[in-house]
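Chemist: Here it is: the structure, laid out below.
Number of protein chains: 2
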Amino acid sequence: MKNPKIPKPTIKRLAVYYRCLENKKINGIQKTSSKDLADSLHIKASQIRKDLSYFGEFGKRGVGYDVDKLMNSIKIILGLDKKWNVAIIGVGNLGAAIANYTGLEKNGFFIKAAFDKDKSKIGKQVSAGVLVYDMKDLKKVCKQKKIDIAILSVPASVAQNVAEEIVETGIKGILNFAPISLNLPDKISVENVDFTISLKALTYDIVSNIGNIELKD
Amino acid sequence: MKNPKIPKPTIKRLAVYYRCLENKKINGIQKTSSKDLADSLHIKASQIRKDLSYFGEFGKRGVGYDVDKLMNSIKIILGLDKKWNVAIIGVGNLGAAIANYTGLEKNGFFIKAAFDKDKSKIGKQVSAGVLVYDMKDLKKVCKQKKIDIAILSVPASVAQNVAEEIVETGIKGILNFAPISLNLPDKISVENVDFTISLKALTYDIVSNIGNIELKD
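Note that the protein sequences, when read in sequence, are chains G and Y. If you want this note's numbering, it's the 1-based position in the first sequence plus 91. If you want this note's numbering, it's the 1-based position in the second sequence plus 91.
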């Protein structure tokens, strides 16, 4: 049941806390606190406590959090206790980079197939064990391989059409790398990744730091 | 001068509004409104008005916004009226994908150099006109080419060390693709891009939609 009161930035920060906890665990750390996490992540401890408070009580005042228990709770909240079958749609430079990204399986994301319309790519492997299928077999292969999530890495000009084809396959969510806002039914979860947006947030920060921004007023 | 009251999500949304306005302009549209933008972007019109209100009055009540004027204002706010020299640090799959991304120059981002320590890559072009330099020449080449921004696409295990080297070059900002939180001086602007965070926000949304999330309480 969706809780509309939980802001998207809170969810993204939970994923960041999870990554931070993973690092602590690797380093043999078993206990942490909001202050300790805050120091590692350069955010406010009060923000961490507020984010976690949406989901319940995880630590004891003055004692802090058990790393394993907090990780496990966040894992369940984010759906990372499940295995997710993923397909990459569009095997250009970016699609190939994602297919070869090594951090996915440990988080429960398994790339099961890739798709392209380029005949020279079809039938070849884009990464170890990941075959490139013909786009026209999208529906058949996605159903067969029980794909949950599509990573959309096609050019912006075709992204909306391809996304509509993806919806037809019964996929539940799309991670969209194409720099357009997709217009899809509400039942489909969509998350956008556009690094030029981050680049612009960066230049905003740089000009703000330098102090030569011209503000209207 | 930095305005600490402006939330980061507002800045990112400004960049999204800018992209949306660009599309309107390409399609010959000269006037828009917060409602019209909201419909295109699937967010609330009140959110758009609130975001813009941080920076002044851009439209007339009942008349809306002039597309060109609003674009120009956002351009200045985000620092996109300037040209930014960019270097890519780490020419793996991801670095190569970014180097070949075509949407950068129109936004004022010019990739002037790439760096790697892999001898087989050094001296070759990673994309048209972008040469790969030896990491050990980082400081010299960045100064020579007046690099403003580094795109950090090295493995997480070396990212902190490489980031510290980047700071030494006098670069103003880092777009960090490595899945770790960098610990750098405040004068350096850092923006993180981690698509696994977006993937986790997506699975959160999927499990929330499905209704099988187990919330503590």
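For glycine and all other residues, C-beta sits at the position ideal for the given N, C-alpha and C. Model, not experiment: these values are computed from the prediction.
Would DSSP call Leu-243 of chain Y helix, strand or coil?
Modeler: Strand at Leu-243 of chain Y.
Chemist: Please name the residue, chosen from Y:Asp-159, Y:Phe-146, Y:Tyr-145, that lies closest to Ile-120 of chain Y on a Cα-to-Cα basis.
Modeler: Residue Y:Asp-159 is the option with its Cα nearest to Ile-120 of chain Y.
Chemist: Tell me which residues share the same chain as Leu-266 of chain G and place their Cβ nearer than 6 Å to its Cβ, disregarding the 5 neighbours each side in the sequence.
Modeler: Correct list, in chain order: Ile-242, Glu-282.
Chemist: Identify the residues that DSSP records as bridge partners of Leu-177 of chain Y: which are they?
Modeler: Looking at the sequence shown, residue 177 of chain Y is not Leu but Val. Answer by DSSP bridge pairing, in chain order: Y:Ile-202, Y:Ile-240.
Chemist: Only counting runs of 4 or more residues, tell me where the alpha helix (DSSP H) segments fall wholly within the stretch 270-306 of chain Y, in order along the chain.
Modeler: The stretch 270-306 of chain Y contains these whole alpha helix (DSSP H) runs: 286-301.
Chemist: Kindly say whether Ile-271 of chain G, judged by its beta-carbon, lies nearer than 9 Å to any beta-carbon of chain Y.
Modeler: Yes, because at least one Cβ of chain Y sits closer than 9 Å to the Cβ of Ile-271 of chain G.
Chemist: Can you check whether the CB of Ala-292 of chain Y is closer than 9 Å to the CB of Lys-99 of chain G?
Modeler: Result yes, Cβ atoms of Lys-99 of chain G and Ala-292 of chain Y sit closer than 9 Å.
Chemist: Using a Cβ-Cβ cut-off of 6 Å (strictly less than) and excluding sequence neighbours within five positions of Pro-270 of chain G, which residues of its own chain qualify?
Modeler: Counting only Cβ-Cβ distances below 6 Å, and skipping sequence neighbours, we find Ala-247, Asp-285.
Chemist: Assuming contact is defined by CB atoms lying nearer than 9 Å, are Lys-203 of chain G and Val-221 of chain G in contact in what I supplied?
Modeler: The answer is yes: Cβ separation under 9 Å.
Chemist: Helix, strand or coil, according to DSSP, for Thr-101 of chain G in the structure here?
Modeler: Note: Thr-101 of chain G maps to helix in three-state DSSP.
Chemist: With Gln-216 of chain G as the anchor, note down where its beta strand (DSSP E) starts and where it stops.
Modeler: Run containing Gln-216 of chain G: 216-218, per the beta strand (DSSP E) assignment.
Chemist: Checking 9 Å against the spacing of the C-beta atoms, do Asp-228 of chain Y and Ile-262 of chain Y come in under that value?
Modeler: No, the pair does not count as a contact, with Cβ atoms beyond the cut-off.
Chemist: With DSSP collapsed to three states, give me the class of Asn-267 of chain Y.
Modeler: DSSP places Asn-267 of chain Y in strand when its eight states are reduced to three.
Chemist: What are the boundary residues of the alpha helix (DSSP H) that includes Asp-225 of chain Y?
Modeler: From DSSP, Asp-225 of chain Y is part of no alpha helix (DSSP H) but of the beta strand (DSSP E) over 221-225.
Chemist: Using DSSP with H/G/I as helix, E/B as strand and the rest coil, what is Asp-209 of chain Y?
Modeler: If DSSP states are grouped into helix, strand and coil, Asp-209 of chain Y belongs with coil.
Chemist: Given this structure, state the Cα-to-Cα distance separating Ser-289 of chain G from Ile-102 of chain Y, to the nearest angstrom.
Modeler: The straight-line gap from Cα to Cα measures roughly 9 Å.
Chemist: Of all the CB atoms in chain G, is at least one closer than 9 Å to the CB of Val-223 of chain Y?
Modeler: So, not an interface residue.
Chemist: Specify the secondary structure class of Asp-159 of chain G as computed by DSSP and reduced to three states.
Modeler: DSSP places Asp-159 of chain G in helix when its eight states are reduced to three.
Chemist: For Leu-105 of chain G, I'd like the list of residues in its chain whose CB is within less than 7 Å of its CB, leaving aside the five on either flank, ordered along the chain.
Modeler: Once the five neighbours on either side are set aside, the close Cβ partners of Leu-105 of chain G are Asp-142, Ile-165, Ile-168, Leu-169.
Chemist: Between which two residues does the alpha helix (DSSP H) harbouring Gln-138 of chain G extend?
Modeler: Per DSSP, Gln-138 of chain G belongs to the alpha helix (DSSP H) from 136-144.
Chemist: Report buried or exposed for Val-107 of chain Y, applying the criterion of at least 16 other Cβ atoms within 10 angstroms of its Cβ.
Modeler: Result: buried.
Chemist: If you run the structure through DSSP and keep just helix, strand and coil, what is Thr-96 of chain G?
Modeler: Inspection of the sequence shows that residue 96 of chain G is occupied by Lys rather than by Thr. The answer is coil: DSSP assigns Lys-96 of chain G none of H, G, I, E or B.
Chemist: Please decide whether Gly-261 of chain Y counts as near chain G, where near means a Cβ-Cβ distance under 9 Å.
Modeler: So, not an interface residue.
Chemist: Examine chain Y for any beta-carbon lying closer than 9 Å to the beta-carbon of Tyr-156 of chain G, and answer yes or no.
Modeler: Taking Cβ atoms only, chain Y never reaches closer than 9 Å to Tyr-156 of chain G, which makes this a no.
Chemist: Starting from the beta carbon of Lys-278 of chain Y, find every residue of chain G whose beta carbon is closer than 9 Å, and list them in chain order.
Modeler: Residues of chain G passing the Cβ test: Asn-300.
Chemist: Near Ser-124 of chain Y, what residues of its chain come up, given a Cβ to Cβ distance below 6 Å and the 5 sequence neighbours on each side ignored?
Modeler: The residues are Gly-155.
Chemist: Can you list, in chain order, the residues of its chain with a C-beta nearer than 7 Å to that of Lys-115 of chain G? Leave out the 5 residues immediately preceding and following it.
Modeler: So the list reads Thr-123, Val-158, once near-sequence residues are dropped.
Chemist: Counting only the same chain and skipping the five closest in sequence on each side, list residues whose C-beta sits under 7 Å from that of Lys-96 of chain G.
Modeler: Cβ within range, chain order: n/a, list empty.
Chemist: For Arg-110 of chain G and chain Y, any beta-carbon pair shorter than 9 Å?
Modeler: Arg-110 of chain G counts as touching chain Y.
Chemist: Any chance the CB of Lys-122 of chain Y is under 8 Å from a heavy atom of the ligand NAD?
Modeler: Ligands are entirely absent from the displayed structure, and the ligand NAD is therefore not among its contents.
Chemist: At the level of alpha carbons, what is the spacing between Gln-138 of chain G and Asn-163 of chain G?
Modeler: Approximately 20 Å, taken between the alpha carbons.
Chemist: With a threshold of 9 Å between beta-carbons, can Ile-288 of chain Y be considered close to chain G, or not?
Modeler: It does: the Cβ of Ile-288 of chain Y has a partner Cβ on chain G nearer than 9 Å.
Chemist: Going by DSSP, what residue range makes up the alpha helix (DSSP H) through Ser-125 of chain G?
Modeler: Residues 125-132.
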